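Per our numbering, the very first residue in the sequence shown carries number 6; after that it's consecutive. All C-beta atoms in this analysis are idealised placements derived from N, C-alpha and C, irrespective of residue type, glycine included. Note that this is a predicted model, so its numbers are computed, not measured. To start, the structure under review is shown below, and the notes come after it.
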Amino acid sequence: MSLKLYGYWRSSASYRVRIALNLKLLEYEYIPVHLVKDGGQQFSGEYVGLNPSSLVPTLVDDDEDIILNQSLAIIEYLDERYQQGTQLVPSHKLERAKVRTIAQDIACDIQPLANLRVMNYIGEQYELNQQQKSDWAQHWLGKGLRSLEQRLQNSAADFCFGFNITMADVCLVPQVYNALRLGMDVSCYPAINRVYKNCMDNLAFEHAQPENQDDAEL
Ligand SMILES: N[C@@H](CCC(=O)N[C@@H](CS)C(=O)NCC(=O)O)C(=O)O
Numbered sequence: 006m007s008l009k010l011y012g013y014w015r016s017s018a019s020y021r022v023r024i025a026l027n028l029k030l031l032e033y034e035y036i037p038v039h040l041v042k043d044g045g046q047q048f049s050g051e052y053v054g055l056n057p058s059s060l061v062p063t064l065v066d067d068d069e070d071i072i073l074n075q076s077l078a079i080i081e082y083l084d085e086r087y088q089q090g091t092q093l094v095p096s097h098k099l100e101r102a103k104v105r106t107i108a109q110d111i112a113c114d115i116q117p118l119a120n121l122r123v124m125n126y127i128g129e130q131y132e133l134n135q136q137q138k139s140d141w142a143q144h145w146l147g148k149g150l151r152s153l154e155q156r157l158q159n160s161a162a163d164f165c166f167g168f169n170i171t172m173a174d175v176c177l178v179p180q181v182y183n184a185l186r187l188g189m190d191v192s193c194y195p196a197i198n199r200v201y202k203n204c205m206d207n208l209a210f211e212h213a214q215p216e217n218q219d220d221a222e223l
């Protein structure tokens with residue numbers, strides 16, 4: 006198989022790429038990288054050779070001899086290289102810019118603040134307990150979801166942008182998954198909630214769910 010995805014079942018950035026691969030109808034080999042076991046397999050020499058950032062996901066496309074990190078770059082690469090399946094990034098420049106805005110709101114401004122290495126650092130450095138770390142994550146996630154909800158008022162119907170699935174939805178779903186994992190109530194964000202539910206009715210999203218991965222620990 007020419008496409009290999011290094012990821013972790015609960016990683017929201019890996020989850021984004023799994024959804025995109027499914028929507029593009031692409032087969033791939035999934036190679037789990039356990040973010041906690043053995044002190045974190047993302048720090049192993051073999052993985053660092055592929056991705057010096059020690060973060061998942063990493064996509065390898067043997068056909069093109071390319072190794073990519075950054076979920077948004079991977080998703081755009083897949084969308085441009087493969088015409089099949091759902092078009093994730095619109096061709097029209099204004100629509101494309103809007104889709105990238107929402108995707109980056111999530112991937113650049115929301116998700117990184119509650120990343121494992123950040124949570125570990127604030128926990129150790131400032132001696133925070135589990136509840137305090139969770140409060141931190143919920144604070145930033147709540148702020149992000151509130152602004153996202155406001156933005157979606159102008160664009161969302163069934164999905165973030167009207168009636169077509171885009172990269173924005175691919176990013177939204179894993180972020181909502183994280184919020185639910187933290188016990189947050191997302192029903193107070195009606196547009197986000199509606200889009201999330203519509204996406205979860207789609208098999209491409211369902212099959213990409215963390216609990217449906219081979220490395221899931223249930
Ligand atoms: N901006 C990166 C973020 C990647 C990222 O933060 N990955 C997390 C999992 S969602 C990770 O590998 N964390 C491991 C760690 O913090 O040590 C992307 O979108 O791919």
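The beta carbon of residue 154 lies closer than 6 Å to those of 194, 196, 197 in the same chain, with the five residues before and after it left out.
Within 10 angstroms of the beta-carbon of residue 117 lie fewer than 16 other beta-carbons, which makes it exposed.
Between residue 28 and residue 124, the alpha-carbon positions lie close to 31 Å from each other. Sequence-distant partners of residue 7 (beyond 5 residues in either direction) whose C-beta falls short of 7 Å from its own C-beta, in its chain, are 66, 67, 68. For residue 119 against residue 146, the beta-carbon gap comes to about 6 Å, under 8 Å, which counts as contact. Looking at the DSSP output, residue 90 shares a beta bridge with no other residue. Counting C-beta pairs closer than 8 Å gives three or more between the region 13–26 and the region 176–190, which meets the contact rule. Distance from the Cα of residue 159 is smallest, within the candidate group 107, 48, 208, for 107. Annotated as proximal: residue 79 and residue 22, with beta-carbon spacing under 8 Å. The continuous beta strand (DSSP E) containing residue 10 extends over residues 8–12. The three-state reading of DSSP puts residue 167 in strand, counting E and B together. Per DSSP, residue 159 lies in no alpha helix (DSSP H) and is assigned neither H nor E. The beta carbon of residue 117 sits closer than 7 Å to at least one heavy atom of ligand 1.
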